[in-house]
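Comments concern the structure below.
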Ligand code: NAD
């Protein structure tokens, strides 16, 4: 791969059986740079016929790949991780250009995590203990974990390679072959990773990549009769459609979906720590992280001081060219998404909300003046039942609400249909223990946000998804258990 340059107006192909293949239907989609609106690349608008080829290539590679030893598969992943480390600057530039996120974030969060995902699962699968159950005179059981076959990985645009590698690594380590479909809005980093597969020693056909829209390419993958499991991260609406499509064939699904995550700030919170943490939790990646805390619930005694301090901190975030080292906030993913986020802010005004900071599109000087920027926005004073408190906006928009008691805080926290993550800000351990147990969320951070241990279960409750990823949860998802009973004395 060429160091230090973004792909630039290339025409991408699919990766099938280790080869680059143009889409059979000859159809292409435009991939735009969010910070400028310029064309970055043309990508295949693949259909069912391309998906068929990719699934067939994966099926052909499966017998050999699944019979390799764990150490042999781990060596491939470690070599791929080494290549990611070697090319991390160039990969970060690609990711930043394709998503609009600040380059520094793409380096420090995205590419660091891609490498960590590959190394982590290369090790975790080798340290995964097998189950055995001794029945004494009635014999002995041992449980094999067998690969599923060809699995589909479907991923969103906000953390493109970070999330794809989070699925790819455990799928491969457990012996499966893969057909991946990244978001059509951010296809470039996956293409760059696939270009490294041969050098990493991954045999042809073990990993296949098809580009295209969700409705054509994604749906064809989900509907394919040879797909044995679907690991999906994306919006709740799409997740429901995938679950419905998979159900008649009893295909396993892992669904990591949307969020509307609360931050609960109690009266004894350390305000310096809370303000810094809430800005990070609210606005990282322009608020386009499923875990972002987009509603701050604060004890009424702290409301005034916290809102003043947050207003200042949010107003100080630098919005602009993602490639500049001074930029805190880059562009949103698309013009359509920018309009959706601005429409929510207009609605907040109509509902009587006070815009404490931000509230408009942002037009930087220079090369990014046509980009899809929105000022980081903080809103208070909305009615309790406002849709801004309940619906996922997935942009740099955070609302503030006050509560008078712990019960009220929990009621507000649990009032959305989502249940992905929550943060709790207090100095009191008993408050932590009570509220962490009562809040309906799959992940809770105390006096912090996004501290990740890859061994722990990751996923949401309610409309935020089904199943968990991470550590043994990912390894279990990508395998089938087979129990074998031996009689005593054998
Ligand atoms: P999306 O659901 O629109 O798309 C996600 C992927 O699904 C894309 O690759 C898309 O092409 C594909 N797709 C769309 N329709 C499909 C269909 N009918 N069949 C098969 N595939 C289809 O989501 P998005 O806009 O790309 O991502 C944003 C959403 O992702 C947000 O809701 C966010 O909260 C969620 N997300 C969740 C997590 C998590 O871990 N829970 C992480 C990141 C993002």
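Residue numbers (my numbering): 44 to 533. C-beta: ideal position from N, C-alpha, C; glycine also.
Check the C-beta distance from residue i over to residue j and give it rounded, since I have them as a contact under 8 Å.
| i | j | result |
| --- | --- | --- |
| residue 483 | residue 462 | 4 Å |
| residue 442 | residue 337 | 7 Å |
| residue 224 | residue 264 | 6 Å |
| residue 78 | residue 335 | In fact, because the Cβ distance is near 20 Å, the residues do not count as touching under 8 Å. |
| residue 163 | residue 331 | That pair is no contact at about 24 Å. |
| residue 52 | residue 522 | Wrong, their Cβ atoms sit about 42 Å apart, outside the cutoff. |
| residue 305 | residue 473 | The Cβ separation is near 20 Å, so there is no contact. |
| residue 505 | residue 460 | 6 Å |
| residue 285 | residue 293 | Not a contact, Cβ separation roughly 14 Å. |
| residue 14 | residue 399 | This structure does not reach residue 14, given that the chain is present from 44 up to 533, and the question cannot be answered. |
| residue 387 | residue 431 | 6 Å |
| residue 497 | residue 513 | 6 Å |
What residues in its chain sit with their C-beta under 6 Å from that of residue i, if we drop five residues either side in the sequence?
| i | result |
| --- | --- |
| residue 150 | 135 |
| residue 59 | 96, 97, 100, 251 |
| residue 416 | 362, 374, 405 |
| residue 127 | 157, 158 |
| residue 308 | 317, 341, 468 |
| residue 530 | 182 |
| residue 300 | 279, 282, 507, 508 |
| residue 198 | 206, 207, 225, 276 |
Closest by CA to residue i, which one among the options?
| i | options | result |
| --- | --- | --- |
| residue 186 | 153, 510, 175, 194 | 175 |
| residue 390 | 469, 139, 424 | 424 |
| residue 54 | 398, 434, 73 | 73 |
| residue 489 | 499, 365, 528, 316 | 316 |
| residue 420 | 358, 207, 394, 467 | 358 |
| residue 369 | 145, 528, 121 | 145 |
| residue 471 | 382, 286, 385, 311 | 311 |
| residue 160 | 210, 179, 111, 177 | 210 |
| residue 427 | 454, 402, 513 | 454 |
| residue 120 | 435, 129, 495, 165 | 165 |
| residue 372 | 229, 439, 496 | 439 |
| residue 403 | 395, 409, 394, 383 | 383 |
| residue 111 | 80, 407, 244 | 244 |
| residue 408 | 430, 378, 381, 367 | 367 |
| residue 401 | 333, 108, 356 | 356 |
| residue 466 | 322, 528, 378 | 322 |
With a threshold of 7 Å on Cβ separation, who are the neighbours of residue i within its own chain once the five nearest residues in sequence on each side are excluded?
| i | result |
| --- | --- |
| residue 50 | Interpretation of residue 50 is limited by its pLDDT of 46, a score under 50 that renders its predicted location unreliable; no figure is taken from the coordinates. |
| residue 526 | 184, 186 |
| residue 148 | 328 |
| residue 480 | none |
| residue 236 | 204 |
| residue 516 | 500 |
Is any non-hydrogen atom of ligand 1 found closer than 7 Å to the C-beta of residue i, if you look at the structure I gave you?
| i | result |
| --- | --- |
| residue 197 | yes |
| residue 336 | no |
| residue 508 | yes |
| residue 201 | yes |
| residue 145 | no |
| residue 416 | no |
| residue 66 | no |
| residue 225 | yes |
| residue 413 | no |
| residue 257 | yes |
| residue 463 | yes |
| residue 265 | yes |
| residue 262 | yes |
| residue 430 | no |
| residue 504 | no |
| residue 437 | yes |
| residue 499 | no |
| residue 347 | no |
| residue 379 | no |
| residue 80 | no |
| residue 442 | no |
| residue 278 | yes |
| residue 284 | yes |
Could you name the residues of the same chain whose beta carbon sits closer than 8 Å to that of residue i, not counting the 5 residues immediately before and after it, in chain order?
| i | result |
| --- | --- |
| residue 168 | 113, 116, 117, 213, 216, 217, 518 |
| residue 343 | 445, 446, 447 |
| residue 255 | 66, 72, 86, 87, 88, 89, 90, 93, 224, 227, 261 |
| residue 104 | 60, 220, 246, 247, 248, 249 |
| residue 242 | 122, 126 |
| residue 193 | 98, 101, 102, 105, 219, 220, 221, 222, 269, 270, 271 |
| residue 352 | 314, 318 |
| residue 295 | 191, 271, 272, 273, 289, 520 |
Could you please give me the residues that DSSP links to residue i through a beta bridge?
| i | result |
| --- | --- |
| residue 466 | 306, 488 |
| residue 445 | 341 |
| residue 175 | 185 |
| residue 317 | Paired residue(s): none; residue 317 is not in a bridge. |
| residue 522 | 190 |
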